[in-house]
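**Student:** Residues in the sequence shown are numbered consecutively from 455, following our numbering. C-beta atoms are modelled at their ideal positions from N, C-alpha and C, and glycine is treated no differently. Structure below; questions to follow.
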Amino acid sequence: MEGLMLTNIKKFTFGVFALFLAMTPVLGIVSVNKASAAGGPTCGADGVPYSSFWTDATIMTNQTANFTNYSDGCGDQITNYTWDFGDGTGYSSSAGDITHVYLTPGVFVATLTVTDEVGLTDSYSRDLNVRDVNQSPTANNDQYDFSGLSDYSLDSGNTITPDLRANDSDPEGDFLFAEVVTQPDHGSVNVGQSVYTSYTPEPGYRGPVSFTYRAVDVYGGVSNEATVTMTLGTVVPDPVAPTLQNDQAVVNEDSSVQINVYANDSDDQPLPGQVDVVDGADHGTLQNLGNGSFTYTPAANYNGVDSFVYSVTDADGFSSQAIVNITVNPVIEPPVAIADNFSVSEDSALSGSVTTNDSVEGVATYSLQTQAQHGTVSVSTDGTFTYTPATNYNGSDSFTYAVSNSEGSATATVSLTVSSINDDPTVGFNFTVGSHRNVSFANTSSDIDGTNLTYSWNFGDGGTSTAVSPTHKYKKLGNYIATLIVTDANGATAVITKTVSL
Numbered sequence: 455m456e457g458l459m460l461t462n463i464k465k466f467t468f469g470v471f472a473l474f475l476a477m478t479p480v481l482g483i484v485s486v487n488k489a490s491a492a493g494g495p496t497c498g499a500d501g502v503p504y505s506s507f508w509t510d511a512t513i514m515t516n517q518t519a520n521f522t523n524y525s526d527g528c529g530d531q532i533t534n535y536t537w538d539f540g541d542g543t544g545y546s547s548s549a550g551d552i553t554h555v556y557l558t559p560g561v562f563v564a565t566l567t568v569t570d571e572v573g574l575t576d577s578y579s580r581d582l583n584v585r586d587v588n589q590s591p592t593a594n595n596d597q598y599d600f601s602g603l604s605d606y607s608l609d610s611g612n613t614i615t616p617d618l619r620a621n622d623s624d625p626e627g628d629f630l631f632a633e634v635v636t637q638p639d640h641g642s643v644n645v646g647q648s649v650y651t652s653y654t655p656e657p658g659y660r661g662p663v664s665f666t667y668r669a670v671d672v673y674g675g676v677s678n679e680a681t682v683t684m685t686l687g688t689v690v691p692d693p694v695a696p697t698l699q700n701d702q703a704v705v706n707e708d709s710s711v712q713i714n715v716y717a718n719d720s721d722d723q724p725l726p727g728q729v730d731v732v733d734g735a736d737h738g739t740l741q742n743l744g745n746g747s748f749t750y751t752p753a754a755n756y757n758g759v760d761s762f763v764y765s766v767t768d769a770d771g772f773s774s775q776a777i778v779n780i781t782v783n784p785v786i787e788p789p790v791a792i793a794d795n796f797s798v799s800e801d802s803a804l805s806g807s808v809t810t811n812d813s814v815e816g817v818a819t820y821s822l823q824t825q826a827q828h829g830t831v832s833v834s835t836d837g838t839f840t841y842t843p844a845t846n847y848n849g850s851d852s853f854t855y856a857v858s859n860s861e862g863s864a865t866a867t868v869s870l871t872v873s874s875i876n877d878d879p880t881v882g883f884n885f886t887v888g889s890h891r892n893v894s895f896a897n898t899s900s901d902i903d904g905t906n907l908t909y910s911w912n913f914g915d916g917g918t919s920t921a922v923s924p925t926h927k928y929k930k931l932g933n934y935i936a937t938l939i940v941t942d943a944n945g946a947t948a949v950i951t952k953t954v955s956l
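Put into structure tokens, the structure is as follows:
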């Protein structure tokens with residue numbers, strides 16, 4: 455008989471269940487008139503030796519397999535054991551037991567030939583199934599819906615027997631068993647000696663149940679941990695408050711937007727038509743349209759962020775609140791230029807900026823439109839300017855500038871007041887030498903401010919005068935330094951000296 459002969463029953467335990475399997479292989483017995491190993495070899499009257507051996511129950515590639523000799527010389531001594539392992543290799547020895555490593559899987563015919571001391575021989579062969587090294591199975595999560603079971607089925611102690619192996623797999627196709635890892639919180643799971651899992655519900659419990667298990671193959675390979683989820687009966691949920699999610703809205707400056715706050719809200723029943731505003735918008739107005747819809751209009755020219763809080767109360771009296779956050783995007787408008795006024799002192803330069811009171815959105819560019827009449831002005835693109843009045847000018851002046859952005863341009867006038875300052879007088883004189891050492895001095899001094907001047911002459915010989923254009927008689931010939939000091943009405947002075955040669 456080929457196959458597994460169920461003679462020596464062994465018991466293997468995997469986790470919480472027991473697996474009973476006959477594991478005594480006696481494959482391909484060639485010799486006849488031989489007793490089983492359990493009873494020992496039977497020698498015949500012919501004195502021929504008896505050849506027999508056993509191997510490990512499971513032989514894996516690249517692992518050592520044990521070959522145990524059960525031969526008998528039947529009255530004579532066995533002097534040689536010749537092994538043929540069926541994979542192209544063999545071994546001859548005077549010792550009976552031996553080990554061998556198979557490198558590839560398959561069915562191999564192993565043969566032991568024994569020779570006794572008088573030269574008689576006997577051979578015994580058997581088929582050996584060599585497997586690759588066992589690979590672990592894979593367990594997958596399971597879901598079962600038993601919501602349709604009656605209360606009697608769930609509360610009377612009856613069991614539910616789902617086949618957890620249905621979606622599990624083993625690389626070698628080995629038979630799989632289940633091993634429970636964690637018990638459920640409600641009810642109990644039993645595997646026992648059956649391949650089917652037996653679940654006993656907890657009386658009165660309705661809802662989800664879960665437990666974990668592993669798949670185990672007949673060679674002891676253990677899978678990953680998988681979760682079994684079951685739904686028992688119909689669960690009537692308790693009333694809950696509406697689930698409101700915060701909302702986001704975007705609108706352009708000086709526009710309106712309609713917001714449906716119910717778009718992302720939910721409840722265990724239809725949401726009511728009435729929505730209450732708990733805290734209104736700070737920078738705009740709200741119009742409640744009903745059924746969760748609002749129209750929001752930002753305040754004129756406002757841009758930035760705004761928000762409001764709303765509340766919903768369902769038919770069970772439960773309420774919730776949520777926030778609507780609104781972003782008001784700025785919109786670029788044409789610029790507005792406002793007239794400016796500046797003051798500067800005579801003969802001084804003025805630097806300033808015309809941007810202070812202008813209203814410009816986006817990128818602004820400034821330029822000079824009309825030049826000043828009593829001075830010069832330059833305007834930079836950033837709105838800064840420099841004004842220099844004409845020399846000694848005081849009074850009023852002005853210029854115009856333009857500012858532009860992507861939406862248009864505007865102009866404005868800058869009024870300038872040039873305040874007067876006292877200028878130093880201009881001093882000068884000429885002289886003419888006459889007879890008898892008489893010198894006539896002609897005053898050429900002036901004051902741009904038009905004030906009256908006073909004169910102080912020093913003729914260089916000790917003589918002085920306060921006349922406008924005096925005449926002076928020198929006593930003797932020589933070179934004299936004549937000095938004129940001119941003073942205006944505000945006390946400003948100017949001095950000049952000249953050499954008078956006689």
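Output the distance between the C-alpha atoms of Asp-730 and Asp-599, rounded to the nearest integer angstrom.
**Tutor:** 41 Å
**Student:** Under a Cβ-count criterion, where at least 16 other Cβ atoms within 10 Å of its own Cβ denotes burial, should Pro-879 be classed as buried or exposed?
**Tutor:** buried
**Student:** According to DSSP, simplified to helix, strand and coil, what is Leu-608?
**Tutor:** Of the three classes helix, strand and coil, the one that applies to Leu-608 here is helix, per DSSP.
**Student:** What does the Cβ neighbour count give for Glu-633, buried or exposed, with the cut at 16 atoms within 10 Å?
**Tutor:** Classification for Glu-633: buried.
**Student:** In chain order, which continuous runs of the beta strand (DSSP E) of length 3 or greater are located wholly inside the region 852-913?
**Tutor:** Fully enclosed beta strand (DSSP E) runs of 3 or longer: 862-873, 883-887, 892-897, 908-912.
**Student:** Let me know if Ser-546 comes out buried or exposed under the rule of 16 or more other beta-carbons within 10 Å of its beta-carbon.
**Tutor:** exposed
**Student:** List the endpoints of the continuous beta strand (DSSP E) containing Thr-553.
**Tutor:** Where Thr-553 is concerned, the enclosing beta strand (DSSP E) stretches over 552-555.
**Student:** Determine the burial state of Val-606: buried for a count of at least 16 other Cβ atoms within 10 Å of its Cβ, exposed for fewer.
**Tutor:** Residue identity differs from the one stated: residue 606 is Tyr in this sequence, not Val. Counting Cβ neighbours within 10 Å, Tyr-606 comes out exposed, since fewer than 16 surround it.
**Student:** Evaluate Leu-725 with the Cβ neighbour count: other Cβ atoms within 10 Å of its Cβ, from every protein chain shown; 16 or more gives buried, anything less gives exposed.
**Tutor:** It is buried - the Cβ of Leu-725 has at least 16 other Cβ atoms within 10 Å.
**Student:** Take the Cβ of Val-704 as the centre, count every other Cβ of all protein chains shown within 10 Å, and call the residue buried at 16 or more, exposed below.
**Tutor:** exposed
**Student:** Pull up the distance between the alpha-carbon of Val-778 and that of Ser-747, whole angstroms please.
**Tutor:** 12 Å
**Student:** If you run the structure through DSSP and keep just helix, strand and coil, what is Arg-660?
**Tutor:** coil
**Student:** In the DSSP assignment, find the beta strand (DSSP E) that holds His-926 and state where it starts and stops.
**Tutor:** Element bounds for His-926: 925-927.
**Student:** Helix, strand or coil: how does DSSP classify Val-715 here?
**Tutor:** helix
**Student:** Out of curiosity, what's the CA-to-CA distance linking Tyr-934 and Tyr-928?
**Tutor:** 9 Å
**Student:** I'd like the list of long-range same chain contacts for Thr-688, defined as Cβ closer than 6 Å, with 5 residues on each side in sequence excluded.
**Tutor:** Ser-601
**Student:** Report all residues from its chain with a CB closer than 6 Å to the CB of Gln-702; omit the five preceding and five following residues, and keep chain order.
**Tutor:** Asn-779
**Student:** By Cβ distance, which residues of its chain are closer than 6 Å to Asp-794, with the 5 residues on each side in sequence left out?
**Tutor:** Val-808, Val-868
**Student:** What's the call for Leu-931, buried or exposed, on a 16-neighbour Cβ count within 10 Å?
**Tutor:** exposed
**Student:** Alpha carbon to alpha carbon, how far is Thr-842 from Leu-822? Give it in angstroms, no decimals.
**Tutor:** In a straight line, the C-alpha of Leu-822 is about 15 Å away from that of Thr-842.
**Student:** Under DSSP, the beta strand (DSSP E) around Val-682 begins and ends at which residues?
**Tutor:** Per DSSP, Val-682 is one residue of the beta strand (DSSP E) stretching across 676-686.
**Student:** With a threshold of 9 Å between beta carbons, is Thr-838 in contact with chain C?
**Tutor:** In the structure shown, chain C does not exist; there is a single protein chain.
**Student:** Going by beta-carbon coordinates alone, are Gln-825 and Phe-853 separated by less than 9 Å?
**Tutor:** yes
**Student:** With distances taken Cα to Cα, identify the nearest neighbour of Glu-787 among Thr-518, Asn-706, Asp-639.
**Tutor:** The shortest C-alpha separation from Glu-787 is found at Asn-706.
**Student:** Let me know the secondary structure DSSP gives Ala-735 once reduced to three states.
**Tutor:** coil
**Student:** Let me make sure I understand the geometry here. Which of Pro-696, Val-732, Gln-741 has the alpha-carbon closest to that of Asp-719?
**Tutor:** When only C-alpha atoms are compared, the closest one is Pro-696.
**Student:** Please report the straight-line C-alpha distance between Ser-805 and Asn-848, rounded to a whole angstrom.
**Tutor:** 17 Å
**Student:** Let me confirm a value: Val-887 is counted as buried when at least 16 other C-beta atoms fall within 10 Å, else exposed. Which label applies?
**Tutor:** exposed
**Student:** Count the other C-beta atoms from every protein chain shown that fall within 10 angstroms of the C-beta of Pro-1029, then say buried if there are 16 or more, exposed otherwise.
**Tutor:** Residue 1029 falls outside the range modelled here, since the chain spans only 455 to 956, and no answer is possible.
**Student:** Under the rule that 16 or more other beta-carbon atoms within 10 Å means buried, what is Ser-899, buried or exposed?
**Tutor:** buried
**Student:** So, with DSSP's three-state summary, where would you put Ala-492?
**Tutor:** The predicted position of Ala-492 is uncertain, since its pLDDT is 36 and thus under 50; no value can be drawn from it.
**Student:** Just tell me which of Asp-530, Ile-513, Asn-534 has its CA closest to the CA of Asn-523.
**Tutor:** Asn-534
**Student:** The ligand MN and Ala-695: does any heavy atom of the ligand fall closer than 8 Å to the residue's C-beta?
**Tutor:** This structure lacks the ligand MN, and indeed carries no ligand of any kind.
**Student:** Does the Cβ-Cβ distance between Thr-567 and Ser-505 come in under 9 Å?
**Tutor:** Against a cut-off of 9 Å, the Cβ pair of Ser-505 and Thr-567 comes out as a contact.
**Student:** When the Cβ atoms of the region 655-664 are set against those of the region 678-685, are three or more pairs found closer than 8 Å?
**Tutor:** yes
**Student:** Excluding the 5 residues flanking Ile-792 on each side, which residues of the same chain have their C-beta closer than 7 Å to its C-beta?
**Tutor:** If the five residues before and after Ile-792 are omitted, its C-beta is found closer than 7 Å to the C-beta atoms of Asn-811, Asp-812, Ala-866, all from its own chain and listed in chain order.
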